[in-house]
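Chains as they are written, first to last, in our numbering: chain A, 1 to 347; chain B, 1001 to 1347.
From the three backbone atoms N, C-alpha and C, an ideal C-beta is built for every residue, glycine too.
Note that the structure is predicted; figures quoted are calculated from it, not measured.
Below you'll find the structure, written out as structure tokens, and then a few comments.
Protein chains: 2
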Amino acid sequence: MASRAKATILDIAREAGVSKSTVSLVLQGSGLIRPETAVKVRKAIEDVGYVYNRGAANLRKAHSNVIGMVINDLTNPFFAELAVGMERVFQSAGIVPFIANTAENPVRQEEVLKSLMEQGVAGLIVSPARGTAPGAFRRLETAGVPVVFAMRRLPESRIPVIAPDNHRGAYLATAHLIGKGHRRLAFFGGSSDLVVYHERLGGFREACEVLGITARDTLVFEGETSRKGGIACLDTALAMAEPPTAALCFNDAVAFGVLLALRKRGLEPGTDFAVVGFDDVVEAEHYMPALTSVAVDSAGLGERAAHVMLKMIQSRTTRAEDHIGAVNLVVRESCGPDRRAGLGDAA
Amino acid sequence: MASRAKATILDIAREAGVSKSTVSLVLQGSGLIRPETAVKVRKAIEDVGYVYNRGAANLRKAHSNVIGMVINDLTNPFFAELAVGMERVFQSAGIVPFIANTAENPVRQEEVLKSLMEQGVAGLIVSPARGTAPGAFRRLETAGVPVVFAMRRLPESRIPVIAPDNHRGAYLATAHLIGKGHRRLAFFGGSSDLVVYHERLGGFREACEVLGITARDTLVFEGETSRKGGIACLDTALAMAEPPTAALCFNDAVAFGVLLALRKRGLEPGTDFAVVGFDDVVEAEHYMPALTSVAVDSAGLGERAAHVMLKMIQSRTTRAEDHIGAVNLVVRESCGPDRRAGLGDAA
DNA sequence: CCTATCAGATGGAACGTTCCAATAAGTCAA
DNA sequence: TTGACTTATTGGAACGTTCCATCTGATAGG
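Here's what the structure looks like:
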């Protein structure tokens, strides 16, 4: 049905015997029109199979109610969670956010940002791809589009950030390992082009220092932030003359790799080698053994980011405060029992 | 920098000392303008910090190069993979697709579709939410927007579908279990409001019938399509007087649940109870024991769907052929060795 | 010198909305 | 009856593009 050409408000106006202005008012739910007229118009809208043309409207209105979420890796459940948290908030605000994936590729990210801008987004929540150039968001800034970073930040930028307390999380995890009696510790995975990496590594280092682990007993192995990276890290670590007995992993994926590699060598995770992850993705709980990990509540951070964005749009500002989310260590089985001679504490 | 109001092609025209038409032509890369003029214009574009207004352009052009992907559950890596496959194709076609998540909620889906239509999408790839009403896509159809379904289909619709060969996959998996010597089989998880469920269950039933398993030895347990659902299915199955010895699971998540529940009961997956999954998500390979599963190549299906969509848009049609993707059984450890007395075949 | 041809550039009318200012039709007080 | 005010409705100009039709000079052929 419906003639080939799309119906416009003029078609509705003709059908309902009113002016286009009246139709426009009805569409916006204005209280100025007589109820009976509104009913008549709404009927006509149904009859002609009208679909609202937001592009045309934005041409006049200049603010667009479209919000973009730019995610660096959608296949990582951790970031998918983040996206879902944001969506929840936007949904209850009656707006539909568009998600775009950059697959950790700065060039792709550039394209995505350009496209989103052309679409006239009202705001952008971004988890920047690794290796993002320092000036990548300048365009957005000069255009006055509100942007907030989620999970990750860029080295020098003034864009507000919503992220977990990486430093503290790493500190807690490291303290836990030391508390278990480990004296030679490793940090596995990640690479220094990520700010997050420095934050987590910083927490690790600080804990070691404060709790009496010497510098030569704190080992750092960079590597891919994936299972594969974890496997590689463990292999090179165990090849050392004096290998570590425990590792804090950059994220859970790395930790899973380590667990796997341990099993493959016939070592028992937890008793032979302790490992703790970071992010606490859902699988952590279900792994064998269950992974001890730093929970960051990514969905919660997503919600927070969405709220900040909404507020920024509303107050038409491009600045906002950073928000550092609380973290907590979820102790499961991958660090085994205490390592000291005794039989652990009585609790 | 950049004055408060956004720059338009008129600003560029003024800056470059040409007409707006010329600027427009340059933007479209027309060969009609003299190279030096083009250079001059491009410089002006940079200078004024111009961002293209696609909304305004679409107003005239009426076809929008925006493609939407509507996904029922982004946190499921299986669907995330699908999305990534599609993205890959669209990227090389130079277009940026927008992803929207429906979280398996038909109401949300309705909102998402509406929003996407208002945005003037050129086409839509949809993995419909469970419980989608039969007429949910009529609007799209009458508007002449090309739509293709991915992974899932709706009962009566004429919309083209890109999906794996669920029936055959289930058949293969079931035959494998029977080949291992199992004589009392279960189908775990899923519910009948999904067409996929019927397809997979159908393959299971056919294999049982053809390969000589009596109807009373083929058990079906509906349940959530999650780890939790798998755990529940196993519990009720093992509570039976004469429990099954093997199960085909609706998907990998269910299978993981079953594996977990077996371990919790002190049973060894594979030897005590065989389980095969469906979808072959990345985790399947890394589980303990590694999960035997039906691989469906979701990224490949995503690519296929994207290609079909591109073709539909290009030939401005709303119809296309269905595409049923090949599947294959990836045998790992979760079904253990053969069950018959002998020591298996000599291969 | 005139006319055809051609490359390059341009004005103006759309496209489908919103919103301001204006209008029409009541209602009510003076 | 008049004017002030209210309520409901409306025309028209804008928003930033595209694209058709037109215009301007050059160049070339006769």
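(request) Please name the residue, chosen from A:Ala253, A:Asn65 and A:Leu248, that lies closest to histidine 182 of chain A on a Cα-to-Cα basis. (result) If we check each option's Cα against that of histidine 182 of chain A, A:Leu248 comes out closest.
(message) When you compare the CB of phenylalanine 1250 of chain B with every CB in chain A, is at least one pair closer than 8 Å?
(response) Output row for phenylalanine 1250 of chain B: interface = no.
(message) Please classify glycine 230 of chain A as buried or exposed, where buried requires at least 16 other C-beta atoms within 10 Å of its C-beta.
(response) Buried is the call here.
(request) Please determine, among B:Leu1201, B:Gly1094 and B:Arg1184, the residue with the shortest C-alpha to C-alpha distance to proline 1243 of chain B. (result) For the residues B:Leu1201, B:Gly1094 and B:Arg1184, the minimum Cα distance to proline 1243 of chain B belongs to B:Arg1184.
(request) List the endpoints of the continuous alpha helix (DSSP H) containing histidine 323 of chain A. (result) Histidine 323 of chain A -> not in any alpha helix (DSSP H); beta strand (DSSP E) instead, spanning 323-325.
(request) Report the neighbours of glutamine 1091 of chain B on chain A: residues whose CB is nearer than 7 Å to its CB, in chain order. (result) Identification of chain A residues near glutamine 1091 of chain B by a Cβ-Cβ cut-off of 7 Å yields Arg108, ordered along the chain.
(request) Give, in chain order, every residue of the segment 47-64 of chain A whose Cβ lies closer than 9 Å to some Cβ of chain B. (result) From the segment 47-64 of chain A, only Gly49, Val51, Tyr52, Asn53, Arg54, Gly55, Ala56, Ala57, Asn58, Leu59, Ala62 and Ser64 have a Cβ closer than 9 Å to chain B.
(message) Can you pull the chain A neighbours of glutamate 1283 of chain B, defined as C-beta to C-beta under 8 Å?
(response) Chain A residues near glutamate 1283 of chain B: Glu283.
(message) Taking CB distances under 8 Å as the criterion, tell me whether isoleucine 1099 of chain B reaches chain A.
(response) The beta-carbon of isoleucine 1099 of chain B is placed less than 8 Å from the nearest beta-carbon of chain A.
(request) Identify which residue in A:Met288, A:Gln314, A:Ser64 and A:Phe78 has its Cα closest to the Cα of glutamate 268 of chain A. (result) Distances from the alpha-carbon of glutamate 268 of chain A to those of A:Met288, A:Gln314, A:Ser64 and A:Phe78 put A:Met288 closest.
(request) Excluding the 5 residues preceding and the 5 following proline 164 of chain A in the sequence, name in chain order all residues of the same chain whose CB lies nearer than 6 Å to its CB. (result) Excluding residues within five positions, the ones whose Cβ falls inside 6 Å are Val296, Gly325 and Val327.
(message) With a threshold of 8 Å between beta carbons, is valine 375 of chain A in contact with chain B?
(response) Any question about residue 375 of chain A goes unanswered here, given that chain A covers just 1 to 347.
(message) Along the segment 77-89 of chain A, where does the CB come closer than 9 Å to a CB of chain B? Name the residues.
(response) Flagged, chain order: Pro77, Ala80, Glu81, Ala83, Val84, Glu87 and Arg88.
(message) Below 8 Å on the Cβ atoms is my contact criterion, and I expect lysine 20 of chain A with valine 51 of chain A to pass it. Report the Cβ-Cβ distance as a whole number of Å.
(response) The C-beta distance from lysine 20 of chain A to valine 51 of chain A rounds to 16 Å, too long to fall under 8 Å, and the pair is not in contact.
(message) Bridge partners for cysteine 249 of chain A per DSSP, in chain order?
(response) Answer is A:Phe188.
(message) For valine 1039 of chain B and valine 1018 of chain B, what's the separation of their Cα atoms in angstroms?
(response) Going from the Cα of valine 1039 of chain B to the Cα of valine 1018 of chain B covers about 12 Å.
(message) Taking a contact to mean a Cβ-Cβ separation below 8 Å, would you say alanine 1122 of chain B touches asparagine 1053 of chain B in this structure?
(response) No.
(message) Measuring alpha carbon to alpha carbon, tell me which residue in A:Val331, A:Ile313 and A:Val276 is nearest valine 145 of chain A.
(response) Taking only the C-alpha atoms, the option nearest valine 145 of chain A is A:Ile313.
(request) Drop a sphere of 10 angstroms on the beta-carbon of arginine 316 of chain A, count the other beta-carbons inside from all chains shown, and report buried for 16 or more, exposed for fewer. (result) Around the beta carbon of arginine 316 of chain A, fewer than 16 other beta carbons lie within 10 angstroms, which makes this residue exposed.
(request) For aspartate 1338 of chain B, count neighbouring C-beta atoms within 10 Å of its own C-beta (all shown protein chains included) and say buried if the count is 16 or more, exposed if not. (result) Counting Cβ neighbours within 10 Å, aspartate 1338 of chain B comes out exposed, since fewer than 16 surround it.
(request) Could you work out which residues of chain B lie near serine 115 of chain A, taking near to mean beta carbons separated by less than 7 Å? (result) Within 7 Å Cβ-Cβ: Val1096.
(message) Can you find the residues in the same chain that come closer than 8 Å, C-beta to C-beta, to cysteine 335 of chain A, ignoring five residues on each side of it along the sequence?
(response) The beta carbon of cysteine 335 of chain A lies closer than 8 Å to those of His176, Leu177, Lys180, Ala246, Gly270, Ala274, Val275, Val276 and Thr292 in the same chain, with the five residues before and after it left out.
(message) Which residue wins for smallest C-alpha separation from alanine 1306 of chain B, given the options B:Arg1034, B:Gly1203 and B:Val1089?
(response) Answer by Cα proximity: B:Val1089.
(message) Less than 6 Å between C-beta atoms, sequence neighbours within five positions excluded: which residues of the same chain meet that for alanine 320 of chain A?
(response) Excluding sequence neighbours, alanine 320 of chain A sits near Pro160, Val308 and Met312.
(message) Quick check on the burial criterion: 16 or more other C-beta atoms within 10 angstroms. Buried or exposed for alanine 173 of chain A?
(response) Around the beta carbon of alanine 173 of chain A, a 10 Å sphere encloses 16 or more other beta carbons of the protein chains shown; the residue is thus reported as buried.
(request) For arginine 1227 of chain B, go through chain A and note every residue whose CB falls closer than 8 Å to its CB, in chain order. (result) For arginine 1227 of chain B, the residues of chain A that pass the 8 Å Cβ criterion are His286, in the order they occur in the chain.
(request) Would you kindly work out how many angstroms separate the C-alpha atoms of serine 1298 of chain B and phenylalanine 1079 of chain B, rounded to a whole number? (result) In this model, serine 1298 of chain B and phenylalanine 1079 of chain B are separated by some 7 Å (Cα to Cα).
(request) With a 10 Å radius around its C-beta and 16 neighbouring C-beta atoms as the bar for buried, classify aspartate 1345 of chain B as buried or exposed. (result) Summary for aspartate 1345 of chain B: the model assigns pLDDT 42, below 50, so the residue's position carries little reliability, and this model does not support an answer.
(request) Give the DSSP bridge partners of serine 293 of chain A, in chain order. (result) Paired residue(s): A:Gly277 and A:Val330.
(message) Looking at arginine 1130 of chain B: is its Cβ nearer than 8 Å to the Cβ of aspartate 1193 of chain B?
(response) Yes. Within cutoff.
(message) Strictly under 8 Å for the Cβ-Cβ distance: is glycine 1223 of chain B near chain A by that measure?
(response) Not closer than 8 Å to any Cβ of chain A, the Cβ of glycine 1223 of chain B fails to qualify, so no.
(request) Assuming valine 1348 of chain B contacts glycine 1202 of chain B (C-beta within less than 8 Å), just tell me the rounded distance between them. (result) The structure shown has nothing for residue 1348 of chain B, since chain B only spans 1001 to 1347.
(message) If we define contact as Cβ-Cβ less than 8 Å, is alanine 347 of chain A a contact residue for chain B?
(response) Low local confidence applies: a pLDDT of 40 at alanine 347 of chain A is under 50, so the model's placement there is unreliable, with the coordinate-based value given in what follows. It does not; no Cβ of chain B falls within 8 Å.
(message) Can you check which of these residues, B:Arg1139, B:Glu1222 and B:Arg1265, is closest to leucine 1124 of chain B by C-alpha distance?
(response) Selected option, being the one with the closest Cα: B:Arg1139.
(request) Drop a sphere of 10 angstroms on the beta-carbon of glutamate 156 of chain A, count the other beta-carbons inside from all chains shown, and report buried for 16 or more, exposed for fewer. (result) Residue environment: glutamate 156 of chain A is assigned as exposed (fewer than 16 neighbouring CB atoms within 10 Å of its CB, all protein chains considered).
(request) Can you say whether alanine 1062 of chain B is buried or exposed, counting buried as having 16 or more other CB atoms within 10 angstroms of its CB? (result) Its Cβ having fewer than 16 others within 10 Å, alanine 1062 of chain B is exposed.
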